[in-house]
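> All residue numbers for the sequence shown refer to the numbering used here, where the first residue is 14 and numbers rise by one. Beta carbons: idealized from backbone N, C-alpha and C, even for Gly. These numbers were taken from a predicted model, which means no experiment stands behind them.
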Amino acid sequence: MICRFIDTHCHFDFPPFSGDEEASLQRAAQAGVGKIIVPATEAANFARVLALAENYQPLYAALGLHPGMLEKHSDASLEQLQQALERHPAKVVAVGEIGLDLFGDDPQFERQQWLLDEQLKLAKRYDLPVILHSRRTHDKLAMHLKRHDLPRTGVVHGFFRQPATG
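1) How would you call Leu115, buried or exposed, if buried means at least 16 neighbouring beta carbons within 10 angstroms?
2) Rounded C-beta distance between Leu38 and Pro80? I'm assuming under 8 Å.
3) Are at least three pairs of beta-carbons, each pair with one atom in the region 41 to 49 and one in the region 17 to 29, less than 8 Å apart?
4) Assign Arg165 to one of three DSSP states: helix, strand, or coil.
5) I'd like to know if the region 57 to 71 and the region 107 to 114 are in contact, where contact means that at least 3 CB-CB pairs between them fall below 8 Å.
6) Per DSSP, which one or two residues make a beta bridge with Leu72?
7) What separation, rounded to the nearest whole angstrom, lies between the Cα atoms of Tyr73 and His170?
8) Can you say whether Ala107 is buried or exposed, counting buried as having 16 or more other CB atoms within 10 angstroms of its CB?
9) Here's a check: name, in chain order, each residue in its chain whose Cβ is nearer than 8 Å to the Cβ of Asn58, leaving out the five neighbours to either side.
10) Check whether the Cβ atoms of Leu78 and Ala56 lie closer than 8 Å to each other.
11) Round the Cβ separation of His157 and Gln126 to the nearest angstrom and send it over; I've been treating them as touching at under 8 Å.
12) Taking the C-alpha atoms as reference points, what is the distance between Gln121 and Arg100?
13) Considering only residues of the same chain and omitting the five flanking positions on each side of Leu128, which have a CB-CB separation below 8 Å?
14) Please state the DSSP three-state secondary structure of Leu115.
15) Given that a residue counts as buried once 16 or more other Cβ atoms are within 10 Å of its Cβ, and exposed if not, what is Ala60?
Here's what the structure looks like:
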């Protein structure tokens, strides 16, 4: 009997998967992966992630605005996110990839926190779990999550701390 896993974080819209979807899904199934969540990182790839989820039965979409790509996000991006969550409830299973990231010379941390809060509000409104990105921000991220008191949980991607912190 093959164990069925859910891959909660696979950028199936990026190489090496992009353009090789059928073979990639076949390899995943052979490895026991029955479902795959594909998190979007910016509004520009929402359509691609949604199309993958609609065209391939094992794929599901998560839509969000990644903290490491702030230069690509605007107020219009948040509006696009809200509209996509509203219009595609069947195959959108989470808000993500969202979070906080202190990597780099100018992480624009205040803007990251604002963007995270806005996306957490959407997760709460649409009763969706979150796929979280966290790099050097675990305590701050936990503070934001507690403040929003989300009805659903989620998964943390890029968590580098002791198990007790989790």
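According to the structure shown:
1) Mapped onto the sequence shown, residue 115 falls at position 102. Taking all protein chains in view, the Cβ of Leu115 is surrounded by fewer than 16 other Cβ atoms within 10 Å, so the residue is classified as exposed.
2) What you label residue 38 is simply residue 25 of the sequence shown in a count that begins at 1. What you label residue 80 is simply residue 67 of the sequence shown in a count that begins at 1. 29 Å between Cβ atoms; not a contact.
3) A contact between stretches requires three or more CB pairs, one per stretch, nearer than 8 Å, and the region 41 to 49 meets this requirement with the region 17 to 29.
4) Here the question's residue 165 lines up with position 152 in the sequence shown. In this structure, Arg165 counts as coil in the three-state DSSP scheme.
5) Touching, no.
6) Stepping through the sequence shown from its first residue, residue 72 is reached at position 59. Beta-bridge pairing by DSSP links Leu72 to Ile49.
7) Translated into the one-based positions of the sequence shown, residue 73 becomes position 60. Translated into the one-based positions of the sequence shown, residue 170 becomes position 157. One alpha carbon belongs to Tyr73, the other to His170, and they sit about 17 Å apart.
8) Numbered from its first residue, the sequence shown carries residue 107 at position 94. Using a 10 angstroms sphere on the CB of Ala107, the tally of other CB atoms reaches 16 or more, which defines it as buried.
9) Within the sequence shown, the letter at position 45 stands for residue 58. Asp26, listed in sequence order.
10) For the purposes of this step, residue 78 is identified with residue 65 of the sequence shown, where counting begins at 1. For the purposes of this step, residue 56 is identified with residue 43 of the sequence shown, where counting begins at 1. With contacts defined by Cβ atoms closer than 8 Å, Leu78 and Ala56 form a contacting pair.
11) As a working note, residue 157 is residue 144 in the sequence shown. As a working note, residue 126 is residue 113 in the sequence shown. Rounded to whole angstroms, the Cβ separation of His157 and Gln126 is 7 Å, and the two are in contact under 8 Å.
12) What you label residue 121 is simply residue 108 of the sequence shown in a count that begins at 1. What you label residue 100 is simply residue 87 of the sequence shown in a count that begins at 1. Roughly 31 Å between the two C-alpha positions.
13) Mapped onto the sequence shown, residue 128 falls at position 115. Excluding positions up to five away in sequence, the list reads Leu78, Pro80, Leu83, His86, Leu91 and Ile111.
14) Here residue 115 refers to the residue found at position 102 of the sequence shown. Secondary structure of Leu115 (DSSP, three-state): coil.
15) The residue you call residue 60 lines up with position 47 of the sequence shown. So Ala60 counts as exposed.
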